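There are 2 protein chains.
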Amino acid sequence: FSLDLLPSKNGKELTNYFLRQVVDVLLHYIKKTFDVKSKILDFHHPHQLLEGLDGFSLELPDHPESLEQLLVDCTDTLKYGVKTGHPRFFNQLSSGLDMIGLAGEWLTATANTNMFTYEIAPVFTVMETIVLKKMYEIIGWKETEADGLFSPAIGGSISNLYGILVARYKQYPEIKTKGMTALPHIVLFVSEQGHYSVKKAAAILGIGTDNVIEVKCDERGRMIPAELEKNIAQAKRKGQTPFFVSTTAGTTVYGAFDPLCDIADICEKHKLWMHVDAAWGGGLLLSRSHSYKLRGIERANSVTWNPHKLMGAPLQCSAILIQEKDLLEACNQMRAGYLFQPDKLYNVEFDTGDKTIQCGQHIEFFLFWVMYSSSGTYGFEAQINKHMELAKYFYKVLKERDNFKLVFDAEPEFTNVCFWYLPPRLKHIPKGFERDQELQKIAPKIKALMIEEGSAMISYQPCGDKVNFFRMVFSNPATTQTDVDYLIEEIERLGKDL
Amino acid sequence: FSLDLLPSKNGKELTNYFLRQVVDVLLHYIKKTFDVKSKILDFHHPHQLLEGLDGFSLELPDHPESLEQLLVDCTDTLKYGVKTGHPRFFNQLSSGLDMIGLAGEWLTATANTNMFTYEIAPVFTVMETIVLKKMYEIIGWKETEADGLFSPAIGGSISNLYGILVARYKQYPEIKTKGMTALPHIVLFVSEQGHYSVKKAAAILGIGTDNVIEVKCDERGRMIPAELEKNIAQAKRKGQTPFFVSTTAGTTVYGAFDPLCDIADICEKHKLWMHVDAAWGGGLLLSRSHSYKLRGIERANSVTWNPHKLMGAPLQCSAILIQEKDLLEACNQMRAGYLFQPDKLYNVEFDTGDKTIQCGQHIEFFLFWVMYSSSGTYGFEAQINKHMELAKYFYKVLKERDNFKLVFDAEPEFTNVCFWYLPPRLKHIPKGFERDQELQKIAPKIKALMIEEGSAMISYQPCGDKVNFFRMVFSNPATTQTDVDYLIEEIERLGKDL
């Protein structure tokens, strides 16, 4: 029983034994994850899990369960889950299971400390500044002036929220004490392909989603600078006060990069805060052959960047980076006396907890530090270039296939490749409403079959006037050309008679 | 090198070997953590860590480092950190290192998935509903009507923010689209001993800290209901619109419980949302002998509860629970087409990601599920009662000691015990400004010495008109009476000549 483990008096041996048994379960899972012949998932419906599968009960007991039973529960938890590191898991922007990042996570869990003060996280707080400094450098900011933090376990949405929060405070410091009612009617801009978290943040921050103005995109999903200009002028005419533009470097569906330089010019002209949501695309900065796609990011006031996406770090690892120092702290600090005592024995500059919107915070960046140490800048670059190569390969193969149709017939800018599968029976229906109605149902059906078989996982969605299409995306280091070929055959096999 | 690990073709053996080596490092750390004779920390200043200690460099390389070097780095990261599970670590409300929770964390890291949809986290999404259901039950809510979520890795501050966010939406659904400018001048209430995160949330949400009204407490730190009534009436007279009262079950410094029943009556009368911040005190609900201190919590509209505090779960594990179903979703959902497709093969009710303020979310509750399974309700109860017993013991011992002075001379309501240490030379100075000036410096000095020696860690803070005092707190299952006796002697030893 757990009571026999440490800190129990004679618990040392049993603890070692038990934790090693747990690790055996995990190592077995890892082996399966990378075995391309194993199923990605063993699908069951929610009600089946609720009812209990083969004795795997999710109910919480009044009396303790044995350690043996817990090991079985752990095995079952993994057994009925989804292997997100499987070479054929393409379902999310973040996929893959990095062994070094994993080791980092195990260590972080064991260290079990909190980032709010240097006092209880001396190595981690200092290490975080080093990781952030490297990120400023890569973006092209002078480190001494910049600031940032890793948004614990929450991802890019909260990083984007931080961007808006800090921008609003910079422009209107009275927001902190007086609230929105003291401000003019502020509005912000994001492209129609930008991430939905910008709207979510506006709702949370009391700005309101109506005050998020969507800027039109070109057909590849990039914000059109002239449209932004137009929207700004319109807003001003209506008596609204523009303050913030959220650009995107790597949109979720199309993988598009907004023209950052042009938008930076507009922001400068109108004195607007420029934010770059590079949650997905940020990693591309490490590739000397592709980083030009983010040119202009060095002019941004703030950047969201998720190493857990393109750079393959485990979930979650997302940073918000702010070009102007001290804003984060001024915006968020509350100086709780019981936590941030000024009369400490060390330089309290490293007590960074008051910069955050939360209080307690898990250590999230360490896995990135240890991955960076193990890969080096060049190791990341090589991996990222490989993802780009695979995307190009995938695009070329699709282009030659009869029953696949690309959403854009042009080489991918990023690792997203969007496409439809058209079963033979649809090929003879002319393009139009009738065909669209049928085509809309194809991707969901193929995906449902795929999940039931556990053979691969890929995302689909409708977008604008386009009915459901697949979005292939490369960020999984386990994926090879063979897996890509397999996916295409699998879609054909499952879809051809639909 | 990391490139030789999985998914590298022949990486299986090396991966097993490497991860087992990592686990050896961790097991060694765990052994040290529970060894009362080992130092809690090996203190160094930030600049020393930055410069590199004994070859431990925090800098990030361009070229890959060897796996051997990484193991050394991992060892060093732990070596210079703080053992928060050490039997004499009393510095934070969350302390201790639970072996089962730790195993849960390792598993979660290995599963490396995201909670936003059932599709990619089938077991976890269903399991979370079971854990939440258990929490509603314990609070005394009817499960079918309640709702909730674990705020990933961010702790009680964000849970409190959720409480205010949802309450505001319930009262003024137009907030989501129109923002604060569409609302009347809303104000909320929290006691002067309540957590600072309530003010922080007000700043973030665009309400403003000026609109957080602090209600006076009695000398034990409990909100005075009559004062709340007065503050509400005052606000109304000023034309402000009260909408929310944040009560506290277990304040951070004093461990006080607000009189929830009386406040519930007031909230009912004025139609205000009642929130209970039970981040620290929630666990007491599991103790049949102490749960009466939270009587009235079943009438709350929302509750924050952090199993990572009193219940000993690893960081972070914090839940926000809402009595009314569907509000969380209505308030936060944005229905991103690429994530929440309606045309799936399963019951999409379990795609809970749209209820949250973020998008991606780490699995945080699993460690709690597995701890609950291993302890059972009664196991938690026994542990919590033990903490309460130790607090009582500590109080009694201090009461009898000459140079220690209790902040309140009454049996502790919770596991917080606040006290001053008075070095002999101060005992003869009469109570007053002069003595206070000296006393203010004592706790920081003793703590600095303690940290340098690495012998124990305990928090101190000033509070109101009270100069720096120590706050002892029991939540570490490794702590025994011997450690408590030791702490008292250690404070005396370090402080008697100051």
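Residue numbers (this note's numbering), protein chains in the order written: chain P, 100 to 597; chain U, 100 to 597.
Just so you know, even glycine gets a beta-carbon here, dropped at the ideal spot from N, CA and C.
Here the structure is a predicted model, which means the values were calculated and not measured.
Residue from the options whose Cα sits closest to the Cα of residue i
i: L466/P; options: D453/U, E150/U, D161/U, A208/U; result: A208/U
i: G195/U; options: V171/U, E204/U, K182/U; result: K182/U
i: L548/P; options: D361/P, V135/P, L140/P; result: L140/P
i: T174/U; options: L152/U, I263/U, P186/U; result: L152/U
i: F188/P; options: D584/U, N190/U, R434/U, I219/U; result: I219/U
i: A399/P; options: C316/P, E510/P, D246/P; result: D246/P
i: A481/U; options: L385/U, F439/U, L525/U, D161/U; result: L385/U
i: D347/P; options: H143/P, F449/P, Q333/P, V314/P; result: Per the sequence shown, residue 347/P should be read as Thr rather than Asp. Looking at the Cα atoms, V314/P is the closest of the given residues.
i: I263/U; options: F117/U, K443/U, A301/U, E112/U; result: A301/U
i: N484/P; options: L157/P, F573/P, F117/P; result: F573/P
Residue-level contact to chain P via CB, residue i, 8 Å cutoff
i: I257/U; result: yes
i: H162/U; result: yes
i: S472/U; result: yes
i: P324/U; result: no
i: V566/U; result: no
i: C173/U; result: yes
i: N484/U; result: no
i: H461/U; result: yes
Status (buried if at least 16 other CB within 10 Å, exposed otherwise) for residue i
i: G531/P; result: exposed
i: R570/U; result: buried
i: T581/P; result: exposed
i: Q560/U; result: buried
i: S165/P; result: exposed
i: P106/P; result: buried
i: N211/P; result: buried
i: S388/U; result: exposed
i: C366/P; result: buried
i: C360/U; result: exposed
i: Y261/P; result: buried
i: L383/U; result: buried
i: L393/U; result: buried
i: N109/U; result: exposed
i: D317/U; result: exposed
i: K603/P; result: Because chain P here runs from 100 to 597, residue 603/P falls outside it and cannot be looked at.
i: G381/U; result: buried
Neighbourhood of residue i by C-beta, 6 Å cutoff - its chain only, sequence neighbours within 5 removed
i: I199/P; result: V469, M470, S473
i: T350/U; result: Q292, G320
i: E204/U; result: P413, L466
i: R267/P; result: I274
i: K138/U; result: G553
i: I528/U; result: R534
i: H185/U; result: T132, I139
i: N405/U; result: G255, A378, S417
7 Å Cβ cut-off: residues of chain U touching residue i
i: I303/P; result: L264, L304, I456
i: K131/P; result: Result: empty, since nearest Cβ-Cβ is about 11 Å, beyond 7 Å.
Within chain U, partners of residue i - CB distance below 8 Å
i: I199/P; result: S101, L104, L169
i: Y437/P; result: T351, V352, S558, Q560, C562, R570
i: E158/P; result: I229
Own chain residues within Cβ distance below 7 Å of residue i, not counting five before or after
i: I590/U; result: Y520, I545
i: P441/U; result: V447
8 Å Cβ cutoff, residue i in contact with chain U
i: Q422/P; result: no
i: E71/P; result: Missing from the structure shown is residue 71/P; chain P here goes from 100 to 597 and no further.
i: R321/P; result: no
i: T581/P; result: no
i: Y477/P; result: yes
i: M410/P; result: no
i: Y235/P; result: no
Own chain residues within Cβ distance below 8 Å of residue i, not counting five before or after
i: K454/U; result: D246, L248, L427, E428, N431, Q432
i: V352/P; result: Q292, G320, N515, C517, Q560, C562, R570
Within chain P, partners of residue i - CB distance below 8 Å
i: Q191/U; result: N213, I219
Cross-chain neighbours of residue i in chain P, by beta carbon under 9 Å
i: L521/U; result: Going along chain P, no residue has its Cβ under 9 Å from L521/U, so there is no contact; the nearest lies around 18 Å.
i: T346/U; result: Here the premise fails: no neighbours, minimum Cβ distance about 18 Å.
Under 9 Å by beta carbon: chain U residues contacting residue i
i: V496/P; result: Here the premise fails: no neighbours, minimum Cβ distance about 22 Å.
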